[in-house]
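For the sequence shown, my numbering assigns the number 50 to the initial residue and increments by one for each residue that follows. Note that beta-carbon positions come from the ideal geometry of N, C-alpha and C, so glycine has one too. Keep in mind the model is a prediction, meaning the values are calculated, not measured.
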Amino acid sequence: MFVGVGASRVRDMFEQAKKNAPCIVFIDEIDAVGRSRGAGYGGGNDEREQTLNQLLVEMDGFEANEGVIIIAATNRKDVLDPALLRPGRFDRQITVPNPDIKGREKILGVHARKTPLGPNVDLRLIARGTPGFSGADLANLVNEAALMAARVGRRFVTMEDFENAKDKVMMGAERRSMVLTPEQKEKTAYHEAGHAIVGLTLPQCDPVYKATIIPRGGALGMVVSLPEIDRLNWHKSECEEKLAMTMAGKAAEIIKYGDDMVSNGPAGDIQQASALARAMVLRWGMSDKVGNIDYAEAHEGYSGQTAGLSVSAHTKELIEEEVKRIVSDAYDRAYAILLERKEEWERLAEGLLEYETLTGEEIKRVIRGEPPHLGEDEDDRPSSGSAPSLTAIPKTRPKRKPPVEPGPDMEPEPT
Numbered sequence: 050m051f052v053g054v055g056a057s058r059v060r061d062m063f064e065q066a067k068k069n070a071p072c073i074v075f076i077d078e079i080d081a082v083g084r085s086r087g088a089g090y091g092g093g094n095d096e097r098e099q100t101l102n103q104l105l106v107e108m109d110g111f112e113a114n115e116g117v118i119i120i121a122a123t124n125r126k127d128v129l130d131p132a133l134l135r136p137g138r139f140d141r142q143i144t145v146p147n148p149d150i151k152g153r154e155k156i157l158g159v160h161a162r163k164t165p166l167g168p169n170v171d172l173r174l175i176a177r178g179t180p181g182f183s184g185a186d187l188a189n190l191v192n193e194a195a196l197m198a199a200r201v202g203r204r205f206v207t208m209e210d211f212e213n214a215k216d217k218v219m220m221g222a223e224r225r226s227m228v229l230t231p232e233q234k235e236k237t238a239y240h241e242a243g244h245a246i247v248g249l250t251l252p253q254c255d256p257v258y259k260a261t262i263i264p265r266g267g268a269l270g271m272v273v274s275l276p277e278i279d280r281l282n283w284h285k286s287e288c289e290e291k292l293a294m295t296m297a298g299k300a301a302e303i304i305k306y307g308d309d310m311v312s313n314g315p316a317g318d319i320q321q322a323s324a325l326a327r328a329m330v331l332r333w334g335m336s337d338k339v340g341n342i343d344y345a346e347a348h349e350g351y352s353g354q355t356a357g358l359s360v361s362a363h364t365k366e367l368i369e370e371e372v373k374r375i376v377s378d379a380y381d382r383a384y385a386i387l388l389e390r391k392e393e394w395e396r397l398a399e400g401l402l403e404y405e406t407l408t409g410e411e412i413k414r415v416i417r418g419e420p421p422h423l424g425e426d427e428d429d430r431p432s433s434g435s436a437p438s439l440t441a442i443p444k445t446r447p448k449r450k451p452p453v454e455p456g457p458d459m460e461p462e463p464t
């Protein structure tokens, strides 16, 4: 941008607004020009400050009855210049979080308005199963479901299309072209089964939604848990149980294959566990040794407008020790649960090897030694009251055993 161009464009914009009054001026990503002044160096920063100064001047020049309303949006309110937020400028600040279940249902209704839906589609059920989704995520979900229906030549979108689309949005696209060796597939199955068993054992973990050993995105497999209601906060006991579930994959690999054969598969789990444990210690005051002090800024270094707090070497060492202790305790807890429920864990791993993808209810049936869904044949299909939901039918059916020839003392079963 040439020197002075930004300021001149701001002047032109407000002149056009006054000519077209009454009107609304909407500035998206205002942090691009509205960052605090004096935080950087160079000509580019000077030009940005000139643009910001002109914006402030124009906003001060408005009369109350000119009929021009100025609205701005940003995800980084913390970096905005304080002058922007003074009374008479952007003095009304509205936080727009991700929608709750009612909001998600209404947003789905808007995006599905032009999409032909099948008779079994329940938007409220979809809204319940998409906690944390933003409006853009929900729009993408409807679009993906429509694409999946179109790929199979269907003229309307079914509930199964929505569930498959949700899996793609949440877990990534399936990479069935990736060929895994039997050893890699087995290790992935035991790893994911470990996550699922610990998640089902600990009562404060979110319910297990689905487990798969089909490569998706950058992972060879994954277990997805979804809260039953929109989560607004975390308690210490919930964090500790979530950490145990997160570390269960590595514990499973070590129990099954030994310390020397553990893979780099738990790398993502370790990263997630470390981030949660650091948040507990640095920001949430969940460590008695560290205390109720926010050390997050000191740990992250330069953040926003300041260069961080000065922390002694002893305090840094104490923080790292607490993070390590919390993660180690979670690992030990997961290890003990898997040893205690080893038979169920191995049964689930074998089920994943056979079916590749199992829903939460199917996982519970496999653990009990039952078939994952009742009735393999069309004639054996159960009534609607006991039928499995369409959240995800396993990708592969179990291998059928060859028919046994009846011996002299055996009679064929009645059909």
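State the DSSP-derived secondary structure class of residue i, mapped to helix, strand or coil.
i, result
"Glu411", "helix"
"Ile70", "Looking at the sequence itself, residue 70 is Ala, so the reference to Ile does not match. DSSP places Ala70 in coil when its eight states are reduced to three."
"Val54", "helix"
"Ala398", "helix"
"Arg224", "coil"
"Thr406", "strand"
"Val201", "coil"
"Leu166", "strand"
"Val206", "strand"
"Ile416", "helix"
"Phe211", "helix"
"Arg138", "coil"
"Phe75", "strand"
"Leu104", "helix"
"Leu190", "helix"
"Arg125", "coil"
"Arg86", "coil"
"Phe63", "helix"
"Arg265", "strand"
"Lys217", "helix"
"Met310", "helix"
The alpha helix (DSSP H) spanning residue i covers which residue range?
i, result
"Tyr384", "362–389"
"Lys155", "150–160"
"His47", "What the structure shows of the chain is the stretch from 50 to 464, and residue 47 is not part of that stretch, so it cannot be assessed."
"Gly243", "231–250"
"Ile319", "316–331"
"Ser286", "285–306"
"Leu174", "172–177"
"Asp80", "80–83"
Excluding five sequence neighbours on each side, which residues of the same chain lie with their C-beta closer than 6 Å to the C-beta of residue i?
i, result
"Glu302", "His240, Val311"
"Lys299", "Pro315"
"Ser247", "The residue you asked about is not Ser; residue 247 is Val in the sequence shown. The residues are Ala293, Met294, Ala297, Ala383, Ile386."
"Lys217", "Glu193"
State the CB to CB distance for the pair residue i and residue j, rounded to an integer number of angstroms; the pair is presumed to be in contact (CB under 8 Å).
i, j, result
"Arg327", "Asp343", "Not really, about 12 Å apart at Cβ, beyond 8 Å."
"Val415", "Leu397", "6 Å"
"Leu157", "Ile175", "6 Å"
"Asp80", "Arg153", "Between Arg153 and Asp80 the Cβ distance is about 27 Å, and since that is not below 8 Å, they are no contact."
"Val273", "Met220", "6 Å"
"Leu133", "Gly83", "5 Å"
"Gly178", "Pro148", "Their Cβ separation, rounded to whole angstroms, is 14 Å, which puts Gly178 and Pro148 out of contact at 8 Å."
"Val117", "Ala70", "5 Å"
"Leu229", "Leu187", "Not quite, the Cβ-Cβ distance comes to about 33 Å (not below 8 Å), so this is no contact."
Locate the beta strand (DSSP E) running through residue i, then write down its first and last residues.
i, result
"Val273", "271–274"
"Tyr344", "Note, Tyr344: premise wrong, no beta strand (DSSP E); not H, not E."
"Lys259", "257–261"
"Ala121", "117–121"
For residue i, which residues in the same chain have their Cβ closer than 7 Å to its Cβ, ignoring the five residues on either side in sequence?
i, result
"Glu289", "Ala379"
"Val191", "Leu157, His160, Ala161, Thr164"
"Val339", "Val330, Leu367, Ile368, Glu371"
"Gly471", "This structure does not reach residue 471, given that the chain is present from 50 up to 464, and the question cannot be answered."
"Asn169", "Thr207, Met208"
To which residues of the same chain is residue i closer than 8 Å at the C-beta, ignoring the five residues directly before and after it?
i, result
"Ile120", "Ile73, Val74, Phe75, Ile76"
"Glu393", "Ile246, Ile416"
On the CB-based measure, 16 or more other CB atoms within 10 Å of its CB, does residue i come out buried or exposed?
i, result
"Gln103", "buried"
"Phe205", "exposed"
"Arg225", "exposed"
"Val54", "exposed"
"Lys155", "exposed"
"Ala222", "exposed"
"Glu64", "exposed"
"Lys236", "buried"
"Asp429", "Residue confidence is low: Asp429 scores 44 on pLDDT, short of 50, so the model does not pin down where it sits. No coordinate-derived value is stated."
"Val59", "buried"
"Met271", "buried"
"Pro231", "exposed"
"Glu78", "exposed"
"Arg468", "This structure does not reach residue 468, given that the chain is present from 50 up to 464, and the question cannot be answered."
"Met108", "buried"
"Asp308", "exposed"
"His244", "buried"
"Asp61", "exposed"
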